[in-house]
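A.B. asks: From first to last, the protein sequence lines stand for chains E and F.
All the letters of the first sequence, read from the start, carry residue numbers 2 to 308 under this note's numbering.
All the letters of the second sequence, read from the start, carry residue numbers 782 to 1023 under this note's numbering.
Just passing along the structure, written as structure tokens.
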Amino acid sequence: MKKRTLLSALAVTSVLALSACGGGGGNPLSGGGDNKGSSGSEVIVGSADFTESQLIASIYSQALQAAGVPTKEQFNIGSREVYIQALKDGSIDLVPEYSGALLSYLDPKSTAATTEAVTAELKGKLPSGISMLTPSAAQDKDVVAVTKATADKYKLKTVSDLKPVAGELILGGPPEWKTRQQGVVGLRDVYGLNFKDFVSLDAGGTLTMTALTNGQIQAGDLFSTDPGLVTNNLVALDDDKSLFAAENVVPLIKSGKQNDTITKTLDAVSAKLTTDDLISMNAEAAKGTNLSDIAKKWLASVGISKS
Amino acid sequence: MNILSWFTDPANWTGSGGIPAQIGYHLFYSAVALLAAMVIAVPLGILIGYTGRGEALVAGSANALRALPSLGLLVLLFLLISPIVSGKLVYVLPTIIVLVLLAVPPILTGTYAGIQTADPDAVGAARGMGFTKRQILLRVQLPCALPLMVSGVRSSTLQIVSTATIAAYLGLQGLGRFILDGRAQASFSEMAGGAILVAILALVLEFTFAWLGRVIVSPGLRRTVSKSSSPISTTVLEPATT
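Shown next as structure tokens:
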């Protein structure tokens, strides 16, 4: 019984594979060649397995539809390891990425930090058959955040402003910050900051947020698109010496699928998208609003599609 | 191999984050939690064992306590007390509470079961000799309960020592630091080293308690203990050793 199911499954797959080899096209299920992406006319939009990625993917998908490009949504795929592979083998054609994280995935030794440096280096490191479009100004990167009260008290706007007062402040962040260049080490070497103490908590999660708002720590590692920055009245200090790698939102696309309409549409999205937009959309999402509704509303508000 | 070089690297044995210092912190948190648990569980256990009241309630809720996931509880407590408590205490208090909650049930069960199952002949003989109730409790029931109490404390200690690693999750010290920092920095030999140290520490304490149990329990009771595989004591003890 089991054997027979296996056999018939094999038969079906081989028929599918054969028909794909026949170059018939039009079958979205069969994987395409190396650079072609999916074989259908539609663009398969993928996303990572967290809210913000799905939200941006939803924006891409709806913007393309508004421009007359048929899309298919394949969200919530998994971690970078998984969706980059999916992009390579043609199961998806388009995915939103973060430039710095993608670069350090492709080249763990890279030290590029500014938006320009990261973008330039990333272009040379992309796997063959995959292209990136113009990065957006919107970023989801590590920020050193303080409360509004602390910022006012010490007149803090940038990370450099912390220098005279760091000795009085306790810093909180993920355990890896203790030894990482983009963490305590870099804050000391690049900015000359010697905090009173460092507490290992989490990476921009509940622990850091709670400790920061309740005053157990005075500076903490958060993410720049965290809605808590706004709702908890926090100030993200400007990384004026570019210690933390830029994490600009950038569309990654299968080269074979790219055309002028797609490029123009997604470039328009990237041009309009800001970090503040991501904060407010993340806040909406946290309230439980449907992601595709949030995407639709944003696209209408920036005039890319009609509501 | 890497694990071995982690253990033999002199840098890991010195300084405030070194192995001896972290073992010290680990034992310190564990000792505080164990003492607090004993202060709560021993008197309560005596009361229940002596009066025979509230056993079902306390045993039930004590066992329910052990089902709570420690890490989840730790974060929850942190979120709850963070607005109220200031300074280092905000990290220490949730850690100790979580450990105490883990440690209370075995000691509590050990104590009241020990008192309830104290040899009825011995209790009767004491009563016949004119002992007051208080004297019976202090001189007969409690010494008879000692083996079970020690075994309760022993299993509590093991639970505390192996769980005290979660202190590192709230930025505290202890052997959990090696495990958490090792994971965060993708240094797996450090992670493994931390885990091995916790296991060694637990084993050393286990042997210490086995020895201690022999020393402090009256020789006259030891024989009874070894044959006290009566259904009552085993069923009561079972949850304490899991």
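We put the beta carbon where it would ideally sit given N, CA and C, even for glycine.
#1: What residue ranges within the region 45-124 of chain E form continuous beta strand (DSSP E) runs of no fewer than 3 residues, ordered along the chain?
#2: For E/ILE218, which of helix, strand or coil comes out of DSSP?
#3: I want to know whether the region 233-253 of chain E touches the region 141-159 of chain E - three or more CB-CB distances under 8 Å.
#4: 8 Å is my cut-off, CB to CB: does F/PRO864 come that close to chain E?
#5: Anything in chain F within Cβ reach of E/THR290, meaning under 7 Å, just list it in chain order.
#6: Counting only Cβ pairs nearer than 9 Å, list the residues of chain E close to F/ALA792.
#7: Buried or exposed: which applies to F/ARG935, given that a residue is buried once 16 or more other Cβ atoms fall within 10 Å of its Cβ?
#8: By the 10 Å Cβ neighbour count, where 16 or more other Cβ atoms means buried, how is E/ALA272 classified, buried or exposed?
#9: Can you tell me where the beta strand (DSSP E) holding E/ALA246 begins and where it ends?
#10: Rounded to whole angstroms, what is the Cα-Cα separation between F/LYS914 and F/THR890?
#11: To the nearest angstrom, how far is it from the Cα of F/ASN793 to the Cα of F/GLY830?
#12: Provide the residue(s) that pair with E/PRO252 in DSSP beta bridges, ordered along the chain.
#13: Just checking: is the beta-carbon of F/SER851 within a distance shorter than 8 Å of some beta-carbon in chain E?
#14: Count the CB pairs spanning the region 102-112 of chain E and the region 51-59 of chain E that are closer than 8 Å, and state whether there are at least three.
#15: Can you check whether the C-beta of F/GLY933 is within less than 8 Å of a C-beta belonging to chain E?
#16: Which bits of chain E does F/ALA976 rub up against, with CB to CB less than 7 Å?
#17: Below 8 Å between beta carbons: does that hold for E/VAL166 and E/ASP94?
#18: In chain F, which residues lie less than 7 Å from E/THR180 when you measure between Cβ atoms?
#19: Check whether the region 179-190 of chain E and the region 242-252 of chain E touch, using three or more Cβ-Cβ pairs below 8 Å as the test.
#20: Put E/PHE199 into one of helix, strand or coil per three-state DSSP.
#21: Going by the C-beta, is F/SER937 closer than 7 Å to any heavy atom of the ligand SAH?
#22: Less than 8 Å between the CB atoms is what I'm expecting for F/PHE788 and F/GLY974, so what's the real figure, rounded?
#23: Using the C-alpha atoms, what's the distance from E/GLY229 back to E/GLY289?
#24: Less than 8 Å separating the beta-carbons of E/GLY47 and E/GLY91?
#25: Which full runs of the alpha helix (DSSP H) of 4+ residues lie inside the region 800-880 of chain F, going along the chain?
#26: Hey, is the region 965-984 of chain F in contact with the region 174-182 of chain E, meaning 3+ C-beta pairs nearer than 8 Å?
#27: Taking only beta carbons into account, state which residues of the region 191-203 of chain E come closer than 9 Å to chain F, listed in chain order.
#28: How would you call F/VAL1017, buried or exposed, if buried means at least 16 neighbouring beta carbons within 10 angstroms?
#29: So with Cβ pairs under 8 Å, would you call F/SER867 a contact of chain E?
#30: In whole angstroms, what is the alpha-carbon distance linking F/MET930 and F/LEU858?
#31: Need the endpoints of the beta strand (DSSP E) that E/ALA146 sits in, please.
#32: Residues of chain E with CB closer than 7 Å to the CB of F/GLY952, please, in chain order.
#33: Go ahead and pull the three-state DSSP assignment for E/SER306.
#34: Excluding the five sequence neighbours on either side, which residues of its own chain have a C-beta within less than 6 Å of the C-beta of F/PRO801, listed in chain order?
#35: For E/THR182, which three-state DSSP category applies?
#36: Examine the Cβ distances between the region 209-227 of chain E and the region 63-76 of chain E and report whether three or more of them are shorter than 8 Å.
C.D. replies: With the given structure in hand:
#1: 72-79, 95-99
#2: On the first sequence, residue 218 of chain E is found 217 positions in, with the first residue counted as 1. Looking at E/ILE218 - three-state DSSP - the assignment turns out to be coil, as it is neither helix nor strand.
#3: yes
#4: Here residue 864 of chain F is taken as the residue at index 83 of the second sequence, counted from 1. Output row for F/PRO864: interface = yes.
#5: Within the first sequence, residue 290 of chain E is the residue found at index 289, counting from 1. Neighbours of E/THR290 on chain F: none; closest Cβ ~24 Å, over 7 Å.
#6: The sequence position of residue 792 of chain F within the second sequence is 11, counting from 1. Simply none; closest approach about 13 Å.
#7: Taking the first residue of the second sequence as position 1, residue 935 of chain F is located at position 154. It counts as buried.
#8: For the purposes of this step, residue 272 of chain E is taken as residue 271 along the first sequence, with counting starting at 1. Classification of E/ALA272: exposed, given that the 10 Å Cβ count is below 16.
#9: Residue numbering aside, residue 246 of chain E sits at position 245 when the first sequence is read from its first letter. No beta strand (DSSP E) contains E/ALA246, which DSSP labels as neither H nor E.
#10: Taking the first residue of the second sequence as position 1, residue 914 of chain F is located at position 133. Taking the first residue of the second sequence as position 1, residue 890 of chain F is located at position 109. C-alpha separation (whole angstroms): 22 Å.
#11: Stepping through the second sequence from its first residue, residue 793 of chain F is reached at position 12. Stepping through the second sequence from its first residue, residue 830 of chain F is reached at position 49. Going by the C-alpha atoms only, they are around 48 Å apart.
#12: Counted from its first residue, the first sequence places residue 252 of chain E at position 251. DSSP, once it has assigned bridges, lists E/PRO97 as partnering E/PRO252.
#13: As a first step, residue 851 of chain F is located in the second sequence; it is residue number 70 there, counting from the start. No, its Cβ sits nowhere closer than 8 Å to a Cβ of chain E.
#14: no
#15: The sequence position of residue 933 of chain F within the second sequence is 152, counting from 1. False, the Cβ-Cβ gap to chain E never drops below 8 Å.
#16: If you number the second sequence from 1, residue 976 of chain F lands on position 195. None at all; the shortest Cβ gap to chain E is about 16 Å.
#17: Residue numbering aside, residue 166 of chain E sits at position 165 when the first sequence is read from its first letter. Residue numbering aside, residue 94 of chain E sits at position 93 when the first sequence is read from its first letter. Against a cut-off of 8 Å, the Cβ pair of E/ASP94 and E/VAL166 comes out as no contact.
#18: For this step, residue 180 of chain E is matched to residue 179 along the first sequence. Here the neighbours are GLN966.
#19: yes
#20: The residue given as residue 199 of chain E occupies position 198 in the first sequence. Strand, per DSSP.
#21: Looking for the ligand SAH in the displayed structure turns up nothing, as the structure carries no ligands at all.
#22: Here residue 788 of chain F refers to the residue found at position 7 of the second sequence. Here residue 974 of chain F refers to the residue found at position 193 of the second sequence. That belief holds up - the Cβ atoms of F/PHE788 and F/GLY974 are roughly 6 Å apart, short of 8 Å.
#23: Here residue 289 of chain E refers to the residue found at position 288 when the first sequence is read from its first residue. Here residue 229 of chain E refers to the residue found at position 228 when the first sequence is read from its first residue. The straight-line gap from Cα to Cα measures roughly 15 Å.
#24: Taking the first sequence and counting its residues from 1, one reaches residue 47 of chain E at position 46. Taking the first sequence and counting its residues from 1, one reaches residue 91 of chain E at position 90. Against a cut-off of 8 Å, the Cβ pair of E/GLY91 and E/GLY47 comes out as no contact.
#25: 800-832, 836-847, 851-862
#26: yes
#27: PHE199, VAL200, SER201, LEU202, ASP203
#28: If you number the second sequence from 1, residue 1017 of chain F lands on position 236. A caution first: F/VAL1017 carries a pLDDT of 44, below 50, which makes its placement in the model unreliable, though a value can still be read off. When all chains shown are included, F/VAL1017 counts as buried.
#29: Looking up residue 867 of chain F in the second sequence gives position 86. Judged by the 8 Å Cβ criterion, F/SER867 is in contact with chain E.
#30: The count along the second sequence starts at 1 and reaches residue 930 of chain F at position 149. The count along the second sequence starts at 1 and reaches residue 858 of chain F at position 77. Taking the straight line joining both Cα atoms gives about 29 Å.
#31: By 1-based counting over the first sequence, the position of residue 146 of chain E is 145. Element bounds for E/ALA146: 143-148.
#32: One-based indexing of the second sequence puts residue 952 of chain F at position 171. Near F/GLY952 (Cβ distances below 7 Å), the residues of chain E are VAL200, SER201, LEU202.
#33: Reading the first sequence from its first residue, position 305 is the one you call residue 306 of chain E. Here E/SER306 sits in coil by DSSP.
#34: Numbered from its first residue, the second sequence carries residue 801 of chain F at position 20. Here the set comprises nothing.
#35: Start at 1 with the first residue of the first sequence, and residue 182 of chain E comes out as number 181. Correcting the residue identity first, residue 182 of chain E is Gln in this sequence and not Thr. Reduced to three states, the DSSP call for E/GLN182 is helix.
#36: no
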